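K.L.:
2 protein chains.
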Amino acid sequence: MFHYQLEKKSGQPVYLQLIDQIRTDILRGLLPGGTKLPSKRTAAADLGVSVVTVKNAYEQLLAEGYILSSERKGYYVADINGEQYHQPERQVHKKQPVAPVEKRINLASGGVSSGLFPMSVWMKLSRSVYLEYGKELLKKAPYNGHPLLRDAISAYLYQLYGISVDPERILVTSGNEHVYNTLETFFGDDRVYGIEDPGHRTIASLYGQHGARVEYLSLDEKGVTAGEVRHKKVQILHISPSHHFPTGITMPASRRSELLAWAGEAEDRFIIEDEYDSEFRMAGKPIPPLLAVDQKGKVIYINTFTKTIAPSLRIGYAVLPQVLADRYREKMGFLSCTVPVAEQLILAKFMSDGYLSRHVHRMRTYYRHIRDKLLRSIEEGCAGEEFSVSGVDSGLHFLLHVRNGMPEDEMKQILRENGVDVRFLSDYTAKGEAGADKALVISYADLAEEQIPDLIGVLRQIAGGDNKKEAD
Amino acid sequence: MFHYQLEKKSGQPVYLQLIDQIRTDILRGLLPGGTKLPSKRTAAADLGVSVVTVKNAYEQLLAEGYILSSERKGYYVADINGEQYHQPERQVHKKQPVAPVEKRINLASGGVSSGLFPMSVWMKLSRSVYLEYGKELLKKAPYNGHPLLRDAISAYLYQLYGISVDPERILVTSGNEHVYNTLETFFGDDRVYGIEDPGHRTIASLYGQHGARVEYLSLDEKGVTAGEVRHKKVQILHISPSHHFPTGITMPASRRSELLAWAGEAEDRFIIEDEYDSEFRMAGKPIPPLLAVDQKGKVIYINTFTKTIAPSLRIGYAVLPQVLADRYREKMGFLSCTVPVAEQLILAKFMSDGYLSRHVHRMRTYYRHIRDKLLRSIEEGCAGEEFSVSGVDSGLHFLLHVRNGMPEDEMKQILRENGVDVRFLSDYTAKGEAGADKALVISYADLAEEQIPDLIGVLRQIAGGDNKKEAD
Numbered sequence: 007m008f009h010y011q012l013e014k015k016s017g018q019p020v021y022l023q024l025i026d027q028i029r030t031d032i033l034r035g036l037l038p039g040g041t042k043l044p045s046k047r048t049a050a051a052d053l054g055v056s057v058v059t060v061k062n063a064y065e066q067l068l069a070e071g072y073i074l075s076s077e078r079k080g081y082y083v084a085d086i087n088g089e090q091y092h093q094p095e096r097q098v099h100k101k102q103p104v105a106p107v108e109k110r111i112n113l114a115s116g117g118v119s120s121g122l123f124p125m126s127v128w129m130k131l132s133r134s135v136y137l138e139y140g141k142e143l144l145k146k147a148p149y150n151g152h153p154l155l156r157d158a159i160s161a162y163l164y165q166l167y168g169i170s171v172d173p174e175r176i177l178v179t180s181g182n183e184h185v186y187n188t189l190e191t192f193f194g195d196d197r198v199y200g201i202e203d204p205g206h207r208t209i210a211s212l213y214g215q216h217g218a219r220v221e222y223l224s225l226d227e228k229g230v231t232a233g234e235v236r237h238k239k240v241q242i243l244h245i246s247p248s249h250h251f252p253t254g255i256t257m258p259a260s261r262r263s264e265l266l267a268w269a270g271e272a273e274d275r276f277i278i279e280d281e282y283d284s285e286f287r288m289a290g291k292p293i294p295p296l297l298a299v300d301q302k303g304k305v306i307y308i309n310t311f312t313k314t315i316a317p318s319l320r321i322g323y324a325v326l327p328q329v330l331a332d333r334y335r336e337k338m339g340f341l342s343c344t345v346p347v348a349e350q351l352i353l354a355k356f357m358s359d360g361y362l363s364r365h366v367h368r369m370r371t372y373y374r375h376i377r378d379k380l381l382r383s384i385e386e387g388c389a390g391e392e393f394s395v396s397g398v399d400s401g402l403h404f405l406l407h408v409r410n411g412m413p414e415d416e417m418k419q420i421l422r423e424n425g426v427d428v429r430f431l432s433d434y435t436a437k438g439e440a441g442a443d444k445a446l447v448i449s450y451a452d453l454a455e456e457q458i459p460d461l462i463g464v465l466r467q468i469a470g471g472d473n474k475k476e477a478d
Numbered sequence: 007m008f009h010y011q012l013e014k015k016s017g018q019p020v021y022l023q024l025i026d027q028i029r030t031d032i033l034r035g036l037l038p039g040g041t042k043l044p045s046k047r048t049a050a051a052d053l054g055v056s057v058v059t060v061k062n063a064y065e066q067l068l069a070e071g072y073i074l075s076s077e078r079k080g081y082y083v084a085d086i087n088g089e090q091y092h093q094p095e096r097q098v099h100k101k102q103p104v105a106p107v108e109k110r111i112n113l114a115s116g117g118v119s120s121g122l123f124p125m126s127v128w129m130k131l132s133r134s135v136y137l138e139y140g141k142e143l144l145k146k147a148p149y150n151g152h153p154l155l156r157d158a159i160s161a162y163l164y165q166l167y168g169i170s171v172d173p174e175r176i177l178v179t180s181g182n183e184h185v186y187n188t189l190e191t192f193f194g195d196d197r198v199y200g201i202e203d204p205g206h207r208t209i210a211s212l213y214g215q216h217g218a219r220v221e222y223l224s225l226d227e228k229g230v231t232a233g234e235v236r237h238k239k240v241q242i243l244h245i246s247p248s249h250h251f252p253t254g255i256t257m258p259a260s261r262r263s264e265l266l267a268w269a270g271e272a273e274d275r276f277i278i279e280d281e282y283d284s285e286f287r288m289a290g291k292p293i294p295p296l297l298a299v300d301q302k303g304k305v306i307y308i309n310t311f312t313k314t315i316a317p318s319l320r321i322g323y324a325v326l327p328q329v330l331a332d333r334y335r336e337k338m339g340f341l342s343c344t345v346p347v348a349e350q351l352i353l354a355k356f357m358s359d360g361y362l363s364r365h366v367h368r369m370r371t372y373y374r375h376i377r378d379k380l381l382r383s384i385e386e387g388c389a390g391e392e393f394s395v396s397g398v399d400s401g402l403h404f405l406l407h408v409r410n411g412m413p414e415d416e417m418k419q420i421l422r423e424n425g426v427d428v429r430f431l432s433d434y435t436a437k438g439e440a441g442a443d444k445a446l447v448i449s450y451a452d453l454a455e456e457q458i459p460d461l462i463g464v465l466r467q468i469a470g471g472d473n474k475k476e477a478d
C-alpha cells in the first residue's frame with residue numbers, strides 16, 4: 007500500500023521521512039480517518055526498510071494522535087479534525103537544504119570505507135561497557151585520558167612497533183586537529199613551527215591560529231631537509247615521515263637521523279611525528295617511527311583513529327617525551343580531558359580485545375585490493391605518456407601526475423562536470439599552482455570498486471584518451 | 007591447571023596479564039617444553055575469564071613462539087632455548103597508585119549526585135541509536151555539531167525559556183572549558199576579557215592562555231558593575247547572571263539592562279552568559295536569561311550537561327548571535343566538531359524524548375531536599391552568631407559565612423583532619439584571603455544525606471560549638 011520514496015542516504019533518518027509522508031497524507035485527506043494501515047511487516051516489505059523502522063514511525067504517529075491502534079484492527083488512521091490538531095508549535099527554522107546525494111566519485115574525502123566496520127561488535131562492546139561500569143561512567147577521567155584507554159594505546163603501540171611506552175606519557179584528545187591545537191597551546195605562540203609544503207592546510211591554520219610563526223618547508227624526494235629546517239630557525243617541526251600527505255613520500259632512515267640530530271642540538275627543539283595513516287602500509291619494508299629511535303626525548307608521536315575506525319569518533323592521542331609529559335601535567339593538567347568517558351572505554355575494549363588489529367588487517371587487505379585494481383585500470387585504460395603515479399606504497403592516497411598541456415582549471419571543470427570530486431597537488435601547497443607539479447591527489451578510501459571504470463573514462467577525457475580510442 | 011591471579015580492575019587488560027604470567031612461567035622453566043596447556047574452555051573456567059580472553063592470550067603467545075599448536079595435541083609449550091626466545095619485552099610501567107576511596111565529605115566537587123541518573127535509559131537509547139543509524143555513525147558531523155543535537159538543544163531552550171533559537175546559531179563543543187577555549191580562539195588574543203572576581207580560576211586561565219588581557223571585576227550585591235566594566239575597557243564580558251559561582255548572586259533585571267546597554271554601545275563588545283547550573287533554581291522567581299532579552303545580538307549564551315547529566319559526558323554548547331554564527335562559520339568552520347557523533351545522537355534522543363527534563367526535575371527535587379536538610383541542620387546545630395548563609399536560592403552551592411576569629415588556615419586544617427574537602431571564598435578570588443569575606447563554599451551536589459550530622463559536628467568545632475554544647 008505504501009509507495010513512498012525513502013532516501014536511505016539522505017540526511018534525515020528513514021523513519022522520520024516515513025512519519026512525514028504518512029502525516030502529510032493524513033493531513034491532506036489522502037489517508038482518511040478509519041483507513042487501516044498495512045501491518046508493520048507488510049509495510050516494511052513494501053518500502054524495503056526494517057520492521058523496526060516502521061514500528062518507530064507508527065509509534066511516533068500514535069503518540070502524536072494521527073493514528074490509533076486496536077487489538078482487532080491493528081493500526082488505523084485517526085478521525086482528525088484539521089483544526090483540533092493545530093497545537094502551538096515551536097517556530098520551525100529553515101533548514102539548510104540537504105545536499106542531494108548523487109552518484110559522485112569521491113577522491114577528495116578524508117573519510118574511510120565504512121562498509122567493513124564491525125558495527126555490531128562496537129555495539130556489543132558499548133553494551134558491555136555500560137553494564138560493567140554503570141555509574142562509574144559518570145565520573146570524569148583524568149586530564150590525560152582514562153587509564154584503560156592509555157593502557158590499550160600503549161599495548162597497541164607495542165604490538166605495532168615493539169616499543170614500550172609508559173601510559174603516563176600518553177595524552178588522549180578529541181582527534182587530530184585537537185591534538186595540534188593542544189600542542190600549540192602547550193608550547194606557546196612564541197615558537198617557530200615548521201610544516202611540510204605541500205601539506206594539509208589545517209595544520210598551518212591551527213599552529214598559526216594565535217599568531218605563532220609558521221614556516222613552510224619544501225620537500226625533496228626524501229622529505230623536508232635539515233638544512234632548510236635550520237635555515238628557517240624552526241623550533242617545533244611537524245612531519246609525517248611514514249607517509250606524507252599528499253605526496254606519499256616515506257622518509258628514509260638517513261633523513262630521519264639528520265632531523266633527529268637537528269632536534270638534539272637544542273633544548274627547545276621538538277619533532278611532532280604525525281602518523282595519521284601509517285597502519286596502511288601497502289608494500290615495501292616498514293620503517294620504525296621516530297618515536298622508536300628517539301634517544302633524547304625529542305619526538306612527540308601523534309595518531310588518531312580517524313583512518314583506522316572513523317572520522318566521527320574524534321579520538322586522537324599524543325605520546326609525549328617524559329620531560330614534556332611532566333611539564334604538560336603542570337601547565338595544562340587543570341584542563342578536563344575532552345573525550346566522553348564511555349567512548350574512551352568502548353575504544354579501549356575494542357583495542358584490547360584485539361578487534362582494532364583485526365579490523366585494520368581486514369581494511370588493509372580491502373584497500374590494497376582497491377588500490378591494485380585502480381592502478382591496474384589506470385595502467386590499462388590510460389596507457390600513454392600522459393599519466394604516471396607516485397607514492398603508492400603506503401596510506402590511502404597517491405599522486406597521479408598528468409602531462410597533457412591542459413590547464414588545471416580546465417581539468418578541474420571536466421572532472422567536476424563528470425561528478426568526480428578530486429583535489430590537485432597545487433591545492434595543498436602555499437606556493438599555489440605555479441609551484442606545484444601537475445598532479446591529482448587520489449584519495450581512494452571512499453572509492454567503490456564499481457566506480458573505477460567510470461573514473462577511468464573521465465581520466466581518458468583529460469588525457470585525450472577518448473580521441474585515441476576512436477583512432478584505435 | 008592455571009592458578010594465576012588476574013586482576014580485572016587493574017589497569018592492564020586481563021589477556022595481557024595472562025600472557026605475561028604464562029610467558030614468565032615458560033621462561034622460568036615452570037612450564038617446560040612439551041607441556042600441554044589446558045583447552046581454552048577449561049582455562050577460561052579455571053581463571054574465571056572469557057574464552058575469548060584465553061584465545062587472545064594463546065594466539066599472542068603462539069605468534070611470539072612461546073607455545074605451539076597441533077590438531078591432535080591442542081596448545082603446548084614450545085621447546086625453547088632460553089636465549090633464543092629472549093625477545094624485547096614490553097616493559098611494565100609502574101602504575102600511579104590509585105587513591106584510596108575514603109569516607110570523605112566532599113563539598114568541593116564540581117561533580118553531581120549520580121545515584122539517580124537513569125543509566126538504563128541511556129543504555130537503551132545508545133542501543134537504539136546504534137540500531138537506527140548503523141554506519142551513518144561513522145560519518146563526521148558538521149563543524150557546529152550534528153543537526154539532530156542542535157535541534158534538540160533548540161527545543162530544550164524553548165522549553166526552558168520560551169525562546170526560539172535557530173539551530174544554525176548553536177555550536178556544539180566538548181564541555182565548558184572547550185567552549186571558553188574555542189571562543190577565545192574565535193575572538194582572538196588581542197581582546198580584553200572581563201571576568202568576575204571571585205570566580206572559577208579556570209576561566210581566567212583559559213582566556214589568558216594565549217596572552218590576552220584578562221581584567222578581574224569585583225562584585226557588589228548585584229554582580230559586576232557597568233562602571234567597572236567601562237573603566238577597565240572590557241570588550242568580552244564573561245558573567246553568570248542567573249547564579250554566580252561561588253557567591254550565589256542572581257543578577258537583578260536592572261543590572262542586566264545596564265550591562266546590555268554597555269554591550270550595545272560598541273560593535274566589538276559582547277557578553278558571554280555562562281549558565282552552568284541555571285536549571286537548578288531552588289526558590290524565588292526565575293529571571294529570563296540575557297539571551298531572551300538580547301535585542302542587538304550581543305549575547306553568547308553557553309551551557310553544558312555537566313551539572314544536568316554528568317561531568318564525564320563532555321558536551322557543552324554556545325548559542326551565538328547570528329552575526330557571530332556567520333563569522334564563526336567563515337573563520338572556524340574548517341575545524342571538525344570534537345564530540346563523537348554517537349554521543350551526540352544519544353544525547354539528542356535523551357533530550358527530545360523528554361528524559362533530560364524529567365531527570366532535571368527529579369534532581370532539582372533531590373537537591374532541594376539535600377539543601378533544605380543541610381540548611382536546617384546548620385540552623386539547628388550551629389545556632390549562634392558565628393554562621394550565616396547566603397546565595398541559597400539557586401544552583402548547587404551556597405556560602406557559609408563564618409565569624410569566629412579563627413584564621414582560615416586553622417579552619418582548613420580542622421576541616422581536612424576531619425575528612426571534609428571544602429574550599430573557601432578566598433580560594434576563588436584574585437585578591438586572596440585578605441580581600442575576601444571569610445566564608446566556606448558549600449557545593450552540596452555530592453553530599454550524601456547521611457553525612458550531614460558528621461558535617462555539622464565538624465562545623466561546630468570550627469565555631470567553638472562543641473564547647474557551647476558542653477556548657478549546655
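For the protein sequence lines, the chains are A and B, in the order given. Per my numbering, residue 7 is the first one in the first sequence, and the count goes up by one each step. Per my numbering, residue 7 is the first one in the second sequence, and the count goes up by one each step. Just so it is clear, CB atoms sit at the ideal spot from N, CA and C, and this is done for glycine as well. The structure displayed is predicted, hence computed values, not measured ones.
Does any residue of chain A have a CB that is nearer than 8 Å to the CB of Y167(B)?
P.N.:
By this cut-off, Y167(B) is not an interface position.
K.L.:
Could you tell me the alpha carbon to alpha carbon distance between I462(B) and I384(B), rounded to whole angstroms?
P.N.:
7 Å
K.L.:
Using only the alpha-carbon positions, how far apart do L319(A) and F311(A) sit?
P.N.:
Taking the straight line joining both Cα atoms gives about 7 Å.
K.L.:
Please confirm whether I308(A) and E281(A) have their CB atoms less than 8 Å apart.
P.N.:
yes
K.L.:
List the endpoints of the continuous alpha helix (DSSP H) containing A161(A).
P.N.:
153-167
K.L.:
Pick out the complete beta strand (DSSP E) segments inside the stretch 183-219 of chain A, 3 residues or longer, and give them in chain order.
P.N.:
As far as the stretch 183-219 of chain A is concerned, its whole beta strand (DSSP E) runs of at least 3 residues are 198-203.
K.L.:
What first and last residue would you give for the beta strand (DSSP E) that runs through S394(A)?
P.N.:
393-396
K.L.:
Counting only runs of 3+ residues fully inside the stretch 382-457 of chain B, write out the beta strand (DSSP E) ranges in chain order.
P.N.:
393-396, 403-408, 445-449
K.L.:
Excluding the 5 residues preceding and the 5 following A445(A) in the sequence, name in chain order all residues of the same chain whose CB lies nearer than 7 Å to its CB.
P.N.:
L405, L406, H407, V408, F430, L431
K.L.:
Suppose you measure from the CA of V305(B) to the CA of D332(A); what does that come to, to the nearest Å?
P.N.:
39 Å
K.L.:
Start and end of the beta strand (DSSP E) containing F276(B)?
P.N.:
276-280
K.L.:
Report the three-state DSSP secondary structure of S134(A) (helix, strand or coil).
P.N.:
helix
K.L.:
Leaving out five residues before and five after P103(A) in sequence, what residues of the same chain have Cβ atoms less than 7 Å from its Cβ?
P.N.:
For P103(A), the predicted structure reports a pLDDT of 42, less than 50, and the residue's modelled location is therefore unreliable. The matter cannot be settled from this model.
K.L.:
So that I know if they touch, is there some Cβ in chain A lying closer than 8 Å to that of Y136(B)?
P.N.:
yes
K.L.:
Using the DSSP secondary-structure output, state which residues sit across from R287(B) in a beta bridge.
P.N.:
S400(B)
K.L.:
Can we say the stretch 445-460 of chain B touches the stretch 110-118 of chain B, given the rule of at least three CB pairs closer than 8 Å?
P.N.:
Under the 8 Å Cβ criterion, the stretch 445-460 of chain B counts as touching the stretch 110-118 of chain B, having at least three qualifying pairs.
K.L.:
Starting from the C-beta of T41(A), find all residues in its chain whose C-beta is less than 8 Å away, skip the five residues before and the five after it, and write them out in chain order.
P.N.:
Y82, V83
K.L.:
Give every residue of the same chain whose Cβ lies closer than 7 Å to the Cβ of V20(B), excluding the five residues on either side of it in the sequence, and list them in chain order.
P.N.:
L12, K14, V55, T59
K.L.:
With a 10 Å radius around its C-beta and 16 neighbouring C-beta atoms as the bar for buried, classify A440(A) as buried or exposed.
P.N.:
Classified as exposed, A440(A) has fewer than 16 neighbouring CB atoms from the shown chains inside 10 Å of its CB.
K.L.:
Tell me the rounded alpha-carbon separation between T208(A) and V198(B).
P.N.:
27 Å
K.L.:
Whose C-alpha, out of D300(A), A218(A), F286(A), is nearest the C-alpha of D196(A)?
P.N.:
A218(A)
K.L.:
Kindly give me the distance between the Cβ atoms of V178(A) and I321(A), rounded to whole angstroms, as I take these residues to be in contact under 8 Å.
P.N.:
Contact between V178(A) and I321(A) holds: their C-beta atoms lie close to 7 Å from each other, under 8 Å.
K.L.:
Among F193(A), R29(A), P252(A), which one has its Cα closest to the Cα of D433(A)?
P.N.:
The candidate whose alpha carbon is nearest that of D433(A) is P252(A).
K.L.:
Could you tell me which residues DSSP pairs with D226(B) in its beta bridges?
P.N.:
Its beta-bridge partners are G229(B).
K.L.:
By how many angstroms is the C-alpha of V329(A) removed from the C-alpha of M412(A)?
P.N.:
Approximately 53 Å between the Cα atoms of the pair.
K.L.:
Count the other CB atoms, across all protein chains shown, that sit within 10 Å of the CB of S75(A); report buried if there are 16 or more and exposed otherwise.
P.N.:
exposed
K.L.:
What's the gap between the Cα of D31(A) and the Cα of L43(A)?
P.N.:
12 Å
K.L.:
By the criterion of Cβ-Cβ separation under 8 Å, what are the contact partners of Q301(A) in chain B?
P.N.:
Those do not exist, as Q301(A) stays about 16 Å from chain B at its closest Cβ, beyond 8 Å.
K.L.:
Please report whether the beta-carbon of M369(B) lies at a distance below 8 Å from any beta-carbon of chain A.
P.N.:
no
K.L.:
For R47(B) and chain A, any beta-carbon pair shorter than 8 Å?
P.N.:
no
K.L.:
Could you check if A390(A) is buried or exposed, using at least 16 other CB atoms within 10 Å of its CB as the buried criterion?
P.N.:
Reading the sequence as shown, one finds Gly at residue 390(A) and not Ala. The residue in question, G390(A), is exposed, as its Cβ has fewer than 16 Cβ neighbours within 10 Å.
K.L.:
Short of 8 Å in beta carbon distance, which residues of its chain neighbour P106(A), apart from the five on each side in sequence? Order them along the chain.
P.N.:
Summary for P106(A): the model assigns pLDDT 42, below 50, so the residue's position carries little reliability; its value from the coordinates is reported in the next sentence. Cβ neighbours of P106(A) beyond the five flanking positions: none.
K.L.:
If we ignore side chains and look at the alpha-carbon of each, how far apart do V240(A) and T371(A) end up?
P.N.:
39 Å
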